[in-house]
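To start, the structure under review is shown below, and the notes come after it.
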Amino acid sequence: MGFASAKTYDLEVWMPSRDGFMEISSCSNCADFQARRSNIRFRREPKGKPEFVHTLNGSGLAVGRTVSAILENFQQADGSVVVPEALRPYMDGIERISVSK
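Spelled out as structure tokens, the structure:
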């Protein structure tokens, strides 16, 4: 957790080559820390007292790490890769990626 965040959630994947988990994304609630540093405020009512907003920080998936995790966890002995079921709708139903001969 960074010094600016009140709460952080990390998304980690198992990496056999590292014999451990690796972070591929995170999402943090920074409360009003960043808003105070940037002086970002809002008013609940038109004449209300300005208040600091609360901010969220979220990264997308680290593509290289995500692809590596899929390859490492779904590669078969013949070198082909089974496409995880959750990804098949985005792969036009392809179930396996094989090397062309």
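Position one of the sequence shown corresponds to residue 1318 (the working numbering), numbered consecutively onward.
Where is the CB? At the ideal position from N, CA and C, for every residue including glycine.
Cβ distance (whole Å) where residue i is taken to contact residue j below 8 Å
i	j	result
V1370	D1349	7 Å
M1332	E1389	6 Å
For residue j and residue i, the rounded distance between their alpha carbons
i	j	result
F1391	S1376	25 Å
T1372	R1358	11 Å
C1347	K1364	27 Å
R1413	F1320	43 Å
Proximity of residue i and residue j at Cβ, strictly below 9 Å
i	j	result
S1417	G1396	no
I1411	P1401	no
A1323	S1355	no
Simplified DSSP state of residue i, which is helix, strand or coil
i	result
T1325	strand
L1373	strand
S1345	strand
E1389	helix
task = Please determine if the segment 1335-1343 and the segment 1371-1380 are in contact, where contact requires at least 3 C-beta pairs separated by less than 8 Å.
result = Flag = yes, the segment 1335-1343 and the segment 1371-1380 touch.
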